[in-house]
Every structure is written in structure tokens, then in C-alpha cells.
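S.K.: What the sequence shown shows, in this note's numbering, is residues 7 to 583, in sequence order.
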Amino acid sequence: MSSTSKPKLRSTAWFGLQDRDGFVHRSWMQNQGLPRDLFDGRPVIGICNTWSELTPCNAHLRTVAERVKRGVFEAGGFPVEFPVMSLGETNLRPTAMLFRNLASMDVEESIRANPIDGVVLLAGCDKTTPSLVMGAASCDVPAIVVSGGPMLNGRYRGRNIGSGTDVWRFGEMLKTGEMTLDDLAEAESCMSRSAGHCMTMGTASTMACMVEALGVALPGNAAIPAVDARRYTLAHMAGRRVVDLVKNDVRLSTILTRKAFENAIRVNGAIGGSTNAVLHLLAIAGRVGVELSLEDWDRLGHDVPTIVDLMPSGRFLMEDFYYAGGLPTVMRALLEKGFLHKDALTVSGHTVEENVAQARNEDPEVIRALDKPLTEAGGIAVLSGNLCPNGAVLKPSAASPALMQHTGRAVVFEDIEDYKARIDDPDLDIDESCVMVLKNCGPRGYPGMPEVGNMTLPAKILKKGINDMVRISDARMSGTAYGTVVLHVAPEAALKGPLSIVENGDMITLDVPARKLHLDVSDAEIKARLAKRQNLPPPMESGYQRLYYDHVLQADRGVDFDFLVGCRGADIPRESH
Ligand code: FES
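Structure, rendered in C-alpha cells:
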């Protein structure tokens, strides 16, 4: 790609004006001690930062931004850092997902309204990555994602522990008495011991892999630990590269093609990635006008073996993944077997094939060979049937093989509060052959589609040494979680989907090989029960939650807002001074 052509820069409509308006735009900026020659028509690079002390996974991103600035200056650009809404999984209530679309609007409007020619998107915690890419994609400006990187491995009493995955396990051990509250307090400070996001292959790591696989992050982005010096080198290089992307007018739509999404879906299968990636990639594709469906996830991912042996599907953590070669090694293996479009262009200026040509596998325990996988059929299983007319998903690599074909009696929880109130009631009529059904936790139902689909089993069943049962809901599941868990049932219960009429004692059949989820109740009975149901009312009569309720799409459409789907570009707004 040559850097000689000179597209017209958006920022010249602000800083290039030789009049009173130009004075206004430049003069106030100079109160930051900026030399006047920075306004001479060089590319202005926005560094879109989700730094926040309330988003601990992103708390180090101000430092990362400084390294991006070095690269931008070196390449002859003018960096300007700006904050956008930051979504931290661990603190936001009711769930960070309720605000993903709101944050994407912040990103989109901040870019369009300002003198910005290209952006570096600083992300980390789960929803921060998709919200930034969705917003930038709707503007279609040149952009590079720099992830904050994973935390170092957790270490507790002589063994590695992983964010989330071990928390779920500790929760079960507390229930069975295998762990005390004192033990739990010790583990708490051993798990999160450095800057960075969850170091399991949870949603944050999955999305860091997804942006690398899509080609909108530089090679190596996904796995470098947050505190490794090479994370800062990558940020520095991204600063250099984005200036070149602007000079050559390489916009996100050039990179985010159908081929890029197909590559990402296949990579998700190989890494045993989070089910949340399904929602986020559908939403990102919608913003750039790429046709992508739930069925594409099954069709493209079903024959991809999971070869990355990371929690929650496997044993290791992101730090180990980095030392083993990281995502370029996985992509090279996939590419050599013909799983990837090798000619897809990336923000490095090179194709996927060129990016990974030098990748080596330094640890075949962590990144396995394709013929010795962790799971033969990785990817995401997309289910259909009378219980989920618009689909549902299950992650085979995190499920129990013995439960992949199972018929059981439904034990129904009307909502998450009902579940919490009754799950450990010794009189609850449930055994390990039952199917746990949770309603009203979908996009509208909760609202925000919380990560509660991996319901913890009743204590009386855990005490028998059993730690998996079939669970079904319209909720999501943390990328760090595991189990035979059917998620994203659409339409959701709150929209009078068939899930809403399941009753205690109904028989349900899950058949993952056949991709079926069936409620063994007659069509007439389903119709009669549905006739008695009503849509759940909005959670609030006004405000953002009302907007959300009125416009959110179902899981099979990525849970975006209907009015945000599509690319609106970055035409320069009118001058108002
Ligand atoms: Fe932020 Fe897991 S809580 S990445």
C-alpha cells in the first residue's frame, strides 16, 4: 500500500479554515500547549479510550494511549485522546450488555462530531471491544483496535487459577463445604494480580481474538499480557499504522468484509471462544452492511476443531497462550488446512496469510495440532425447534458429551429471582436428569440479557459429585463459564416466545448432533398456553431503559437497536459558530 496519495482529511474542515471559525477550532486546542504547526493538515488521530477506574480491566489504558501517541507523532500525525463510555463487567448493574449499544452511540457520535480522520480504539473488558468497533464501523473511518491485554495467570496455593472459570468452581465448592469463606478471601486476592482483563478464554479474550481475526487489530494483539513490554510496542506500532491507513483512505469497510467475518467465525471455533462473540459479530456485521446470520455460525464453525487448550474449555490461560505463539499460530494452522480466506486484507497493510507466515507453535500442549484437538467439532452449535423458532446456541467444547443428546423433565424458574429463591430448597423436585429452564432473562426480559444462563446446580446435586445438567434460557453466559447450557433462545420469553409457556414436568429433548431443541408438547397445547401469555411490560416508562426496550433486537439479530443497524458514514456536520 503506498502512502503517497492524499485523500481529503475530515479534520481540515475544522483546523484548515482560514477564518474566524478556524481560529475558534485551533485557539482553544492550543490551551493544551500544542504547537501551531500541528494544525497544518496532518492526519488527526482520535485515541478512543475506555479507561475508567470503574472498569478495572481497562484501568491501565491511559498508559497504553501514551504509547499510541508516540507512534502517531512519529508517523506525522496529530493524536488526540478522548474518553467514551466504559463498560465494566464486574460493577455495572443490571448488566453491562444493557449499555453496549449506548456506548456504541457515544463512540459513533464522538467520532462524527469531531475533527477526527482515523481512530485507535482502546478496549479490554468484554463489551468495550464490540461497542467501539460498532460505533467506528457506523462511521466507516480508518481504525485499529488495541486491546489492553489479559492479566497474568492467577496463582492460588500452588496452582494457576483463571478469572471467572475458577470463581464459578469456588462458588460450587463453597456450597458443598469444600471451601470456607477464609479460603475464598485468600483466592480473591490471588486471582487478579496484574493490570489487564480476564485471562481465561472468556469474552474479553475472545473479542481480542475476534478483532485480530477480523483484521482490525495488528497481529499478536489478542494474547500479549497487559503488563508485558510488547503490549506497549504493539500500541506504538498501531499509532504508526493508523496514520498510514488515513493517508491511504483504508476505512473499516475495506477490512470488515464477508471474508473477514467468515475467518473470525472459524477462529472462534479453534479457540473455543465465547458464545457472546455470536451476538457481537452479528451486531458489527449489521453496522457495516455485511450479511451474516446465526446459521453462518454453525455452517462455518461446525467442522473447526478446538485446538486452544484454555479455560473454560481446557486447562491453560492467556499468558500460556501468548508464550505458545498466540493467535497467529492458530491462524497459520487453520490457514494451512484451508479454513481461512488467506487473501483477506488487514490493518497491518498485509493479508492474513502474510501476517501469520512466520508464526510458530512453541507449546503443542497449549495450542494443539489440528489432528489432536481438544474437541473435534468446536464452534457454536445453533439449535432450532419448537422451543426456539429463531434459534438458540450451545458451545460444544464447554459441554458434557454425555448430555449432548438428552431428554429430561423441565424444572422451571420464571425469572432469576425465582431461581435464586428456590434453587437450594431441599424440597425442590429436581434430580440430575432434569432440564433446568430459566425464563425472562433475554434482551428485553431482564433487561439487558444478563450472563445467568449457566445457573449453578442445586447444592443437593453438587454434593453427589455431579456438576453438569442441561440448562436452557434466553440469557447469555459468561465466556468464562462452562456446562451443557443452551443460551440466547429466540424469541425470548418476555416477547411471548415458546420458552414462556414451558411448565414444570414438560419433557424437553436436546439433540445437539441433530441441532434440535424440542418441547414435547403438542402444537395445539403450545398455542393455547401462548394465548394466555402477555408481553412483559417495559422496565421503566421513560429514560434510556425505555428506549432500549422499544428498540432492542432479538439475539438472532445481535441485540443491536433497530435504528442503529447500518453504516451512516462520517460526513462533516454543519458549522455552528
Ligand atoms: Fe473485564 Fe472479565 S471482567 S474482562
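Backbone N, C-alpha and C define an ideal beta-carbon position, used for all residues, glycine too.
#1: Going by alpha carbons, who is nearest to T59 out of V74, A81, K133 and A201?
#2: Using the rule of at least 16 other Cβ atoms within 10 Å of the residue's Cβ for burial, across every protein chain shown, is Q38 buried or exposed?
#3: Using only Cβ atoms and a threshold of 6 Å, which residues come within that distance of a heavy atom of ligand 1? Order them by chain position.
#4: Could you check which residue in K75, F45 and P41 has the C-alpha nearest to that of A19?
#5: Over what stretch of residues does the alpha helix (DSSP H) that includes C196 continue unbroken?
#6: Where L306 and G385 are concerned, what is the direct C-alpha to C-alpha distance, given to the nearest angstrom?
#7: Which whole-angstrom value is the C-beta distance of L340 and A276, which I expect to be below 8 Å?
#8: Are the segment 560 to 571 and the segment 292 to 308 in contact at 8 Å, needing three or more beta carbon pairs?
#9: Can you tell me where the beta strand (DSSP E) holding T101 begins and where it ends?
#10: Which value, in whole angstroms, describes the spacing of the CA atoms of L128 and K445?
#11: Do you know how far the Cα of R32 is from the Cα of P41?
#12: Counting C-beta neighbours from all protein chains within 10 Å, is the total for C196 16 or more, i.e. buried, or is it exposed?
#13: Quick one: measure Cβ to Cβ for M216 and L287, integer angstroms, because I've assumed they're closer than 8 Å.
#14: In terms of DSSP beta bridges, what is L493 paired with?
#15: Between T206 and G168, is the Cβ-Cβ spacing less than 8 Å?
#16: For C215, which three-state DSSP category applies?
#17: Is it a yes or a no for the segment 451 to 458 touching the segment 349 to 359, going by three-plus beta-carbon pairs under 8 Å?
#18: Have a look at L493 and S390 and give me their C-alpha separation to the nearest angstrom.
#19: Would you kindly work out how many angstroms separate the C-alpha atoms of L468 and V388, rounded to a whole number?
#20: With a threshold of 7 Å on Cβ separation, who are the neighbours of G124 within its own chain once the five nearest residues in sequence on each side are excluded?
#21: So does the segment 376 to 383 actually touch the segment 310 to 322, counting three or more Cβ pairs closer than 8 Å?
#22: Mind checking who R165 pairs with in its DSSP beta bridge?
#23: Nearest-angstrom Cα distance between A350 and A214?
#24: Would you tell me roughly how many angstroms separate the C-alpha atoms of D234 and Q364, rounded to the nearest one?
#25: DSSP state of R482, grouped into three classes?
#26: Checking 8 Å against the spacing of the C-beta atoms, do C447 and S484 come in under that value?
#27: To the nearest angstrom, report how far apart V372 and I507 are at their CA atoms.
#28: Are the segment 130 to 145 and the segment 102 to 113 touching, with three or more C-beta to C-beta distances below 8 Å?
#29: Would you check if the segment 68 to 80 and the segment 89 to 108 touch, i.e. whether three or more CB-CB distances between them fall below 8 Å?
#30: According to DSSP, is R374 part of a helix, a strand, or is it coil?
#31: As a quick exercise: from N269, A398 and C131, pick the residue whose alpha carbon is nearest that of W57.
#32: When the Cα atoms are used, what is the spatial distance from N396 to E509?
#33: By Cβ distance below 6 Å, which residues in the same chain neighbour G575 in space, the five residues on each side in sequence not counted?
#34: In three-state DSSP terms, what is R539?
#35: With a CB to CB cut of under 7 Å and the five nearest residues on each side skipped, what residues in its chain are close to T10?
M.R.: In brief:
#1: The sequence shown places Glu at residue 59, not Thr. It is A201 whose Cα lies nearest to the Cα of E59.
#2: exposed
#3: Ordered along the chain, the selected set is C63, E95, T96, C131, D132, S169, H203, C204, G208 and A210.
#4: F45
#5: L187 to M197
#6: 8 Å
#7: 6 Å
#8: Verdict: yes, contact present.
#9: Unbroken run through T101: none, as it is neither H nor E.
#10: 35 Å
#11: 10 Å
#12: exposed
#13: 7 Å
#14: V399
#15: Taking 8 Å as the cut-off, the beta carbon of T206 is found closer than this to the beta carbon of G168.
#16: Reduced to three states, the DSSP call for C215 is helix.
#17: The segment 451 to 458 vs the segment 349 to 359: no contact.
#18: For L493 and S390, the distance between alpha carbons rounds to 12 Å.
#19: 28 Å
#20: P49, I51, V147, P148, A149, V248, L251 and V252
#21: yes
#22: Y162
#23: 18 Å
#24: 21 Å
#25: Collapsing the DSSP output to three states places R482 in coil.
#26: no
#27: In this structure, the straight-line span from the alpha carbon of V372 to that of I507 is close to 44 Å.
#28: yes
#29: no
#30: coil
#31: C131
#32: Spanning the two alpha carbons is a distance of roughly 20 Å.
#33: D146
#34: coil
#35: With a pLDDT of only 48 at T10, under 50, the local geometry of the prediction cannot be trusted, and the value read off the model is given with reservation. Excluding residues within five positions, none has a Cβ falling inside 7 Å.
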